[in-house]
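Scroll down for the structure; my scribbles are underneath it.
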Amino acid sequence: MDEENKDNPNPKTKRIKVALKRGKRYGQGALIIIFVLGVFLGVHLKVIYDQAQIIRVQALDIPSLLLDRDFAESEVVLDNINNSFAKSQSYFNRISIFKKLPWAGKQIKGAEGLVVAGALAANAAKDSAELLADTPYAQADDITLEEIDYTSREFILAKIEESPEKIQAIKANIKEARVRLKQVLEEPGVLSVITKNAKLLDDKLALAEAVLDKAEPLLKVVPELTGFGTEKNYLFLLLNNDELRPTGGFVSAYSVLNIKNSTIKDLELDDTYNLDKKFIGLLNNQAPAPIAKYNYNHPWYPNQTGEWFFRDVTWSPDFTEVAPLAMEFYLRESPNPNQKIDGVIAITPTFVGDLLTLSGNLEVREYFLASNNLADILEYESHIGHKQAGLPTSERKKLILRSLAQMFNNIFDLENSDWPKFLNIFLDNLNQKQIMVYSSTPEIQNELLELSWAGQIKSTKNDYLLVVDANLASLKTNRVIKRTIEYQISPAGEDRYNAKVNITYKHTGEPSYKITKYGTYTRVYVPLGSDFREAEGSEDKVDQGVSFGKQWFGTYINIGFGEEKTLSFEYELPTSITEKIKKHEYHLLAQKQAGTVNDYLKLNLDFAKQVSKAKPADDTCVRSEECTLYIQDHKFDTDLEFLVELNRKPLFIN
Numbered sequence: 041m042d043e044e045n046k047d048n049p050n051p052k053t054k055r056i057k058v059a060l061k062r063g064k065r066y067g068q069g070a071l072i073i074i075f076v077l078g079v080f081l082g083v084h085l086k087v088i089y090d091q092a093q094i095i096r097v098q099a100l101d102i103p104s105l106l107l108d109r110d111f112a113e114s115e116v117v118l119d120n121i122n123n124s125f126a127k128s129q130s131y132f133n134r135i136s137i138f139k140k141l142p143w144a145g146k147q148i149k150g151a152e153g154l155v156v157a158g159a160l161a162a163n164a165a166k167d168s169a170e171l172l173a174d175t176p177y178a179q180a181d182d183i184t185l186e187e188i189d190y191t192s193r194e195f196i197l198a199k200i201e202e203s204p205e206k207i208q209a210i211k212a213n214i215k216e217a218r219v220r221l222k223q224v225l226e227e228p229g230v231l232s233v234i235t236k237n238a239k240l241l242d243d244k245l246a247l248a249e250a251v252l253d254k255a256e257p258l259l260k261v262v263p264e265l266t267g268f269g270t271e272k273n274y275l276f277l278l279l280n281n282d283e284l285r286p287t288g289g290f291v292s293a294y295s296v297l298n299i300k301n302s303t304i305k306d307l308e309l310d311d312t313y314n315l316d317k318k319f320i321g322l323l324n325n326q327a328p329a330p331i332a333k334y335n336y337n338h339p340w341y342p343n344q345t346g347e348w349f350f351r352d353v354t355w356s357p358d359f360t361e362v363a364p365l366a367m368e369f370y371l372r373e374s375p376n377p378n379q380k381i382d383g384v385i386a387i388t389p390t391f392v393g394d395l396l397t398l399s400g401n402l403e404v405r406e407y408f409l410a411s412n413n414l415a416d417i418l419e420y421e422s423h424i425g426h427k428q429a430g431l432p433t434s435e436r437k438k439l440i441l442r443s444l445a446q447m448f449n450n451i452f453d454l455e456n457s458d459w460p461k462f463l464n465i466f467l468d469n470l471n472q473k474q475i476m477v478y479s480s481t482p483e484i485q486n487e488l489l490e491l492s493w494a495g496q497i498k499s500t501k502n503d504y505l506l507v508v509d510a511n512l513a514s515l516k517t518n519r520v521i522k523r524t525i526e527y528q529i530s531p532a533g534e535d536r537y538n539a540k541v542n543i544t545y546k547h548t549g550e551p552s553y554k555i556t557k558y559g560t561y562t563r564v565y566v567p568l569g570s571d572f573r574e575a576e577g578s579e580d581k582v583d584q585g586v587s588f589g590k591q592w593f594g595t596y597i598n599i600g601f602g603e604e605k606t607l608s609f610e611y612e613l614p615t616s617i618t619e620k621i622k623k624h625e626y627h628l629l630a631q632k633q634a635g636t637v638n639d640y641l642k643l644n645l646d647f648a649k650q651v652s653k654a655k656p657a658d659d660t661c662v663r664s665e666e667c668t669l670y671i672q673d674h675k676f677d678t679d680l681e682f683l684v685e686l687n688r689k690p691l692f693i694n
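Structure representation (structure tokens):
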């Protein structure tokens with residue numbers, strides 16, 4: 041029986057042996073296939089990665105080439121990118137089936153995202169090059185604004201007027217590229233060689249996006265403001281922020297700019313006192329009470345009438361209110377009262393100093409003016425130097441006027457390679473309210489308001505803070521005053537909060553012809569409905585009022601040489617704000633006063649609830665049940681916003 045079974049094995053056993061032999065052959069075949077497919081995939085991924093590297097490296101080069109105005113080389117680079125993109129796409133098509141595999145699929149999708157993002161960046165660069173190519177900026181040889189003829193300026197402005205639509209297309213490509221790169225960066229398991237390159241490209245695109253965000257709004261208003269096709273007249277104001285006033289500074293000098301197609305026909309600046317002195321006793325309008333009380337009654341002011349003059353028109357902290365009033369005051373005192381004025385442009389010496397770092401130092405008479413000595417020399421000339429030169433009082437600011445005229449000439453002589461630097465300085469000063477612009481054309485004014493370039497007090501349903509100084513009879517003392525603003529919130533019981541604003545002044549100057557003790561009428565603007573409690577450090581009664589949809593409190597304080605004083609206002613926040621805190625959210629808009637420099641803003645906010653998240657973040661407090669504070673310390677050179685999310689568990693202690 042055994043011999044019989046041996047010669048005639050069980051059919052089932054026989055089938056198993058056959059299956060094992062076949063499985064071995066299939067397994068070997070499968071291994072060979074996997075190996076071949078792995079080699080095939082690896083070769084293709086290597087080619088794709090190499091092309092992605094080419095695209096990434098060359099895409100990173102494009103911004104520098106555009107800034108250097110090397111448009112010929114930019115075109116070569118763009119062609120290379122397009123060729124690499126086409127080659128990559130053909131290789132992607134060959135290995136598309138591998139996208140379904142977990143690990144391989146991630147690498148393919150990652151590389152593809154990097155390649156597509158690079159191609160989108162290249163398209164954005166191509167559109168940028170086309171936008172710049174026909175302008176004087178693109179010329180390889182340095183050319184200045186002064187050398188551009190009138191017809192060319194008209195052509196450039198026409199092109200600028202068409203540019204916002206093209207910039208939208210450029211931004212759309214960049215946005216899509218960054219979306220692709222974000223997907224690559226957020227996908228776990230993608231090789232570092234891919235994510236590292238994706239991060240480099242994304243950083244560069246973020247910078248490009250920031251530049252476009254700066255330039256785009258400017259291009260919307262430039263044609264209208266520079267007289268494209270229609271002549272414009274702008275009242276030009278020089279606001280001396282060393283003698284700080286609510287909207288930037290004392291009106292030191294003025295002019296009417298006549299401009300068409302970016303060509304300024306007239307720039308003849310004059311001292312505002314020369315305009316005002318002809319109308320003493322004739323204006324029949326009363327100055328704001330603090331000006332009349334603290335400024336006009338001072339012995340060194342010859343006018344005792346209490347009239348409101350053009351030089352003091354910057355009393356409101358909102359330039360959209362000041363500008364129309366300045367136009368009205370100017371035309372009332374002007375020898376040409378029927379002159380058409382299309383808007384107002386105001387600048388401070390801070391902006392002038394920044395421009396000098398770019399346009400170069402000035403040689404005016406015996407003076408050598410630089411950004412670090414400009415204010416000192418001009419103030420010396422205004423008080424002493426003009427007498428030594430034998431000039432009458434009416435010409436005491438002649439040096440200021442000549443310096444500004446020369447500086448503007450130097451700006452027009454800037455070579456095209458320096459235009460981006462000028463743009464950055466100009467935009468930074470707009471955002472810091474060292475430049476403010478008002479247009480009588482409603483559409484342009486709305487754009488300026490949207491951009492926050494109109495020096496307006498902003499509307500908000502959230503918490504709000506604006507501190508406004510008015511230097512009264514204190515000469516040019518603001519240059520030696522250090523001002524720190526601290527804002528505090530603390531619980532005052534269930535669903536009630538007290539707020540306190542501390543304004544600390546430190547006088548660092550010594551007596552001179554331009555520096556004296558500092559007297560300021562200070563106002564704080566807070567949410568409407570705030571209930572005033574008390575003030576500390578004031579030297580007069582506290583005034584109250586409502587303006588711009590805000591509650592305000594105001595009083596006067598004096599700071600002597602070497603002194604440090606704090607003026608405080610305490611009030612209860614309105615229910616509109618406490619209701620938001622009850623809903624576990626808080627939002628503060630802190631607006632910067634126009635013309636101020638080197639101020640600091642500190643926040644010390646206690647909500648009696650745990651702060652769960654904030655922007656900007658507060659890293660000084662460990663997140664725990666006991667931590668209810670939000671603390672911040674910022675240089676206050678632009679408007680600031682703060683958002684806080686609160687834990688839902690209340691921590692009030694009655």
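So the mapping is simple: our numbering equals the position in the sequence shown, first residue as 1, plus 40. Think of the CB as a built atom: it goes at the ideal place given N, C-alpha and C, for glycine as much as any other residue.
DSSP state of residue i mapped onto helix, strand, coil
i	result
Val507	strand
Val586	strand
Phe80	With a pLDDT of 41 at Phe80, under the threshold of 50, the modelled position of this residue cannot be trusted, and the question is left open.
Val695	There is simply no residue 695 to check, as the chain begins at 41 and stops at 694 in what is shown.
His624	coil
Trp592	strand
Arg519	helix
Pro551	coil
Ser292	strand
Gln379	coil
Thr678	coil
Local Cβ density within 10 Å of residue i, reported as buried at 16 or more and exposed below that
i	result
Lys438	buried
Thr287	buried
Leu683	exposed
Asn443	Before going further, note that residue 443 is Ser rather than Asn in the sequence given. With 16 or more other Cβ atoms within 10 Å, it is buried.
Asp535	exposed
Lys554	buried
Ile320	exposed
Pro228	exposed
Arg405	exposed
Asp243	exposed
Thr390	buried
Gly150	buried
Phe609	buried
Glu419	buried
Pro656	exposed
Trp639	As written in the sequence, residue 639 is Asp, which differs from the Trp given in the question. The residue in question, Asp639, is buried, as its Cβ has 16 or more Cβ neighbours within 10 Å.
Gly533	exposed
Phe692	Residue placement at Phe692 is flagged as unreliable, the pLDDT there being 40, under the threshold of 50; the coordinate-derived value follows with that caveat. Looking at its Cβ environment, which holds fewer than 16 other Cβ atoms inside 10 Å, Phe692 is exposed.
C-beta atoms of residue i and residue j nearer than 8 Å
i	j	result
Thr354	Val291	yes
Leu629	Lys516	no
Leu221	Gly153	yes
Leu259	Ile207	yes
Val586	Thr595	no
Pro204	Glu256	yes
Gly635	Leu414	no
Leu613	Ser570	yes
Ile214	Ala162	no
Gly346	Tyr336	yes
Gly577	Thr548	no
Asp282	Arg519	yes
Asn273	Asn314	no
Phe676	Lys632	yes
Closer than 8 Å to chain C by CB, residue i
i	result
Asn538	This model lacks chain C altogether, as it is built from one protein chain only.
Beta bridge counterpart(s) of residue i as assigned by DSSP
i	result
Asp673	Lys642
Gln496	Paired residue(s): none; Gln496 is not in a bridge.
Ile385	Phe276, Val477
Any contact between the stretch 468–486 and the stretch 378–389? By contact I mean 3 or more CB pairs, one from each, below 8 Å. yes
Taking 8 Å as the threshold, find out whether the stretch 640–656 comes into contact with the stretch 524–535 through three or more Cβ pairs. yes
Under 8 Å, with one C-beta from each stretch per pair, do the stretch 548–567 and the stretch 595–606 reach the 3-pair mark? yes
Counting Cβ pairs closer than 8 Å, one from the stretch 484–500 and one from the stretch 393–403, do we hit at least three? no
Are at least three pairs of beta-carbons, each pair with one atom in the stretch 418–433 and one in the stretch 360–372, less than 8 Å apart? no
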